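Only one structure is covered here, and it is reproduced in the block below.
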Amino acid sequence: MDIMWYIFDMLGTVAFAISGALVGVAKKMDIFGIIVLALATAIGGGVIRDCLVGHFPPNSLQGMAYVLVVCGVSFIVFFIYRTRYYKQVMGLWSRRSYMMADALGLASFTVTGASVGYAAYPELPVFIVLLGTITAVGGGILRDMLAQQIPSVLKEDVYALPSIIGGVAYYLMRHGNWTFEPAYGAFMVVLVIRLLALYFHWSLPKVR
Amino acid sequence: MDIMWYIFDMLGTVAFAISGALVGVAKKMDIFGIIVLALATAIGGGVIRDCLVGHFPPNSLQGMAYVLVVCGVSFIVFFIYRTRYYKQVMGLWSRRSYMMADALGLASFTVTGASVGYAAYPELPVFIVLLGTITAVGGGILRDMLAQQIPSVLKEDVYALPSIIGGVAYYLMRHGNWTFEPAYGAFMVVLVIRLLALYFHWSLPKVR
Amino acid sequence: MDIMWYIFDMLGTVAFAISGALVGVAKKMDIFGIIVLALATAIGGGVIRDCLVGHFPPNSLQGMAYVLVVCGVSFIVFFIYRTRYYKQVMGLWSRRSYMMADALGLASFTVTGASVGYAAYPELPVFIVLLGTITAVGGGILRDMLAQQIPSVLKEDVYALPSIIGGVAYYLMRHGNWTFEPAYGAFMVVLVIRLLALYFHWSLPKVR
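Written out as structure tokens, the structure is:
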């Protein structure tokens, strides 16, 4: 199952990088700006998490894989848009498959974050849940702050809530010594809730 | 006097959380966004401080108290606005008492920050003063960055200056081995200057 | 040559502080806001770098020199604008010499960042290059985020690219055990590319 896990993590990284690169394109940034936004979205959450637990250098910067994948994705997005074939490509890489990859990323990043928290501070449930959520949504918040727009996760959609619930599920399953592997359980919790939220167009309550 | 200290710290946390939640409401965020802004405002400054001195996990995340209080405050603000009784409630919790709680928070956060700095690096006065100020105003800056508005502390009011002066006072009193407890002295310095600034509507000079 | 190095570093700090203070003036901030933007621009990149490698407290906060120089620069900019003699002063301190000082800062900050990375993790080339670039451009990004504008380095000009190339050059020269001092080599690489970019008005490609 470990190879499966790695695939989910990479799919999430790619989906997050695409989301960052697309915001960069929309804001008329140059190729450096597009790469920075893709990096911020894909590895920003994990970097903030590692800073909060005091792991240096951050996990995603200990090798080249993540940074190079994100740079590669950025260049691909850039050239697709540049050649103006993006409508055709967007047809292939439909919104639905993008949303699926993004949901896989949300789920795997949540579990990674919560497990880093549990490994370091098993006695701090609130911190563990927070780390899962920050890993999953922190990058998107950073992307929107760099692009000068109010972070979408704070206004729209049910995006952070599945991550919070997944973090709680992870903690409870680890804490309760379930024989079932907590990582897979929590992963499924996030994924299912997120897909339900997408399917039924859920949104969180606002004041008005 | 320790219980007094804890009360001031909690009053400040509540006041800062309210200020964050209100900005979230004003920016039409959902309940998750409101909680994030309240958390950023109430514990963001302390988290940045702990990152700068290398204390992990940050103090406010080592237990559940701060996070749960801030979440509770966010839900209360949310439901008050939702039920549209907020005008009546705002009458009870008048602007004056809010400003008093906020000033208590500014003072207690400044002292906490400066004392963390002094404990770790007593030979670095500039760093100590900076930590006091970051603890006190960093959360509000983070709140405004998340809400896409220029941080109010950079443009209006005399808000950071009392904190800077209080940090200097704290350092001088610790360094000079005053018999009077430096924490209370510095706390009063911040509080008095802040309340004077509010009463006389002081503001810092601008270019024009 | 060490005194030379210190001069370049200070020239860069002064140039970056000026750039931050000018944005603060343009956004009608008060003197505290102007100082915060100058500090963010001049030492923000280095602070982020030190957080990523786990050096606490950050290098620029271990003494008073940087903070006091930046505060001094902020006050000078403030009073020049306040007295409305700034057109005459701007004539003296022409755009050309400002750009030269800024380019020296870009070069020296890149080398400092890359050398911090190499000292800590010589086996991580991507991280080393990233640290050089973050040290050089991170402060400007922070400045623009505080001032609510899209970071200029993400949209305009060839500013980060010289730093990236310089970081790569630094790593290759260190890794290859060149007898020539890598710091000076990389410094010249950044400086020459940046000055060429300014002279020929280069810019990075955009989608449209």
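Residue numbers (the UniProt record's numbering), protein chains in the order written: chain C, 1 to 208; chain F, 1 to 208; chain Z, 1 to 208.
Beta carbons: idealized from backbone N, C-alpha and C, even for Gly.
Quick caveat: nothing in here was measured; it's all calculated off a predicted structure.
Following the continuous alpha helix (DSSP H) through residue i, name the residue where it begins and the one where it ends.
i: Arg49 of chain C; result: 31-53
i: Val190 of chain Z; result: 182-199
i: Gly117 of chain F; result: 95-120
i: Val168 of chain Z; result: 160-175
i: Trp5 of chain C; result: 2-26
i: Met64 of chain F; result: Segment: none, Met64 of chain F is in no alpha helix (DSSP H) and carries neither H nor E.
i: Leu131 of chain Z; result: 125-146
Taking all protein chains shown into account, decide if residue i is buried (16 or more other Cβ within 10 angstroms of its Cβ) or exposed.
i: Leu68 of chain F; result: exposed
i: Tyr6 of chain Z; result: exposed
i: Phe109 of chain F; result: buried
i: Gly176 of chain Z; result: exposed
i: Arg49 of chain C; result: buried
i: Pro122 of chain Z; result: exposed
i: Gly105 of chain Z; result: buried
i: Gly46 of chain F; result: buried
i: Ser60 of chain F; result: buried
i: Phe8 of chain C; result: buried
i: Arg174 of chain F; result: buried
i: Phe16 of chain F; result: buried
i: Tyr85 of chain C; result: exposed
i: Tyr66 of chain Z; result: buried
Return the residue from the list the options that minimises the CA-CA distance to residue i.
i: Arg194 of chain Z; options: Z:Ser60, Z:Ile76, Z:Met100; result: Z:Met100
i: Ala107 of chain C; options: C:Ser74, C:Arg96, C:Pro162, C:Val53; result: C:Pro162
i: Ala114 of chain F; options: F:Leu131, F:Leu104, F:Asp102; result: F:Leu131
i: Val70 of chain F; options: F:Ala147, F:Ile134, F:Gly12, F:Gly167; result: F:Gly12
i: Lys206 of chain Z; options: C:Ala119, C:Ile80, C:Gly166; result: C:Ile80
i: Met64 of chain C; options: C:Val189, C:Phe75, C:Ile43; result: C:Ile43
i: Val168 of chain Z; options: Z:Gln149, Z:Val158, Z:Ile128, Z:Gln148; result: Z:Ile128
i: Leu39 of chain Z; options: Z:Val111, Z:Ile141, Z:Pro122; result: Z:Ile141
i: Leu191 of chain C; options: C:Met173, C:Arg174, C:Ala160; result: C:Ala160
i: Val14 of chain Z; options: Z:Pro151, Z:Glu156, Z:Tyr85, Z:Val77; result: Z:Val77
i: Thr41 of chain C; options: C:Val25, C:Ile31, C:His55, C:Ala21; result: C:Ala21
i: Arg82 of chain Z; options: Z:Pro57, Z:Leu61, Z:Asp30, Z:Val36; result: Z:Asp30
i: Asp2 of chain F; options: F:Glu181, F:Phe16, F:Leu196; result: F:Glu181
i: Gly186 of chain Z; options: Z:Tyr170, Z:Ile164, Z:Tyr118; result: Looking at the sequence itself, residue 186 of chain Z is Ala, so the reference to Gly does not match. Of the candidates Z:Tyr170, Z:Ile164, Z:Tyr118, the one whose C-alpha sits nearest the C-alpha of Ala186 of chain Z is Z:Tyr170.
i: Phe56 of chain Z; options: F:Pro57, F:Pro58, F:Cys51; result: F:Cys51
i: Val189 of chain C; options: C:Phe200, C:Ile165, C:Trp178, C:Leu204; result: C:Ile165
i: Ala197 of chain C; options: C:Gly138, C:Ala103, C:Val137, C:Ala136; result: C:Ala103
i: Trp202 of chain F; options: F:Arg208, F:Glu156, F:Ala183; result: F:Glu156
i: Met4 of chain Z; options: Z:Phe200, Z:Tyr184, Z:Ser152; result: Z:Tyr184
i: residue 212 of chain C; options: C:Lys28, C:Val23, C:Arg84; result: This structure cannot speak to residue 212 of chain C, because chain C is shown only from 1 to 208.
i: Ser152 of chain Z; options: C:Leu154, C:Gln148, C:Ser152; result: C:Gln148
i: Ala136 of chain F; options: F:Leu146, F:Tyr118, F:Val111, F:Val126; result: F:Val111
i: Leu124 of chain F; options: Z:Leu154, Z:Ser74, Z:Val158, Z:Gln62; result: Z:Gln62
Along chain F, in chain order, which residues have C-beta atoms closer than 7 Å to that of residue i?
i: Tyr121 of chain C; result: Pro57
i: Ala160 of chain C; result: Phe32
i: Val36 of chain Z; result: Leu154
i: Phe75 of chain Z; result: The premise fails here: Phe75 of chain Z is roughly 11 Å from chain F at the closest Cβ pair, so nothing lies under 7 Å.
i: Phe78 of chain Z; result: Val207
i: Met23 of chain Z; result: The sequence given here has Val at residue 23 of chain Z, not Met. Under the 7 Å cutoff, chain F gives no residues; its nearest Cβ is about 11 Å from Val23 of chain Z.
Would you mind telling me which residues of chain C sit closer than 8 Å to residue i, beta carbon to beta carbon, in chain order?
i: Leu146 of chain F; result: Ile141, Met145, Ile150, Pro151, Leu154
i: Gly54 of chain Z; result: Gly54, Phe56, Pro57
Since residue i meets chain C, which of its residues come closer than 9 Å, beta carbon to beta carbon?
i: Met64 of chain F; result: Leu124, Pro125, Val126, Phe127
For residue i, return the contacting residues in chain C, with the cut-off set at a CB-CB distance below 7 Å.
i: Pro205 of chain Z; result: Asp30, Ile31
Listing by chain order, which chain Z residues have their CB less than 9 Å from the CB of residue i?
i: Cys71 of chain F; result: Under the 9 Å cutoff, chain Z gives no residues; its nearest Cβ is about 26 Å from Cys71 of chain F.
At 8 Å on the CB atoms, spell out the chain Z contacts of residue i, in chain order.
i: Leu130 of chain F; result: Leu61, Val67
Checking contacts by CB at 7 Å: is residue i closer than that to chain D?
i: Arg82 of chain C; result: In the structure shown, chain D cannot be found, because the protein chains are C, F and Z.
How would you list, in chain order, the residues of chain F whose beta-carbon sits under 8 Å from the beta-carbon of residue i?
i: Val14 of chain Z; result: None at all; the shortest Cβ gap to chain F is about 18 Å.
Could you tell me if the beta carbon of residue i falls within a distance shorter than 6 Å of some heavy atom in the ligand ATP?
i: Leu22 of chain F; result: The ligand ATP is not part of this structure, which contains no ligands at all.
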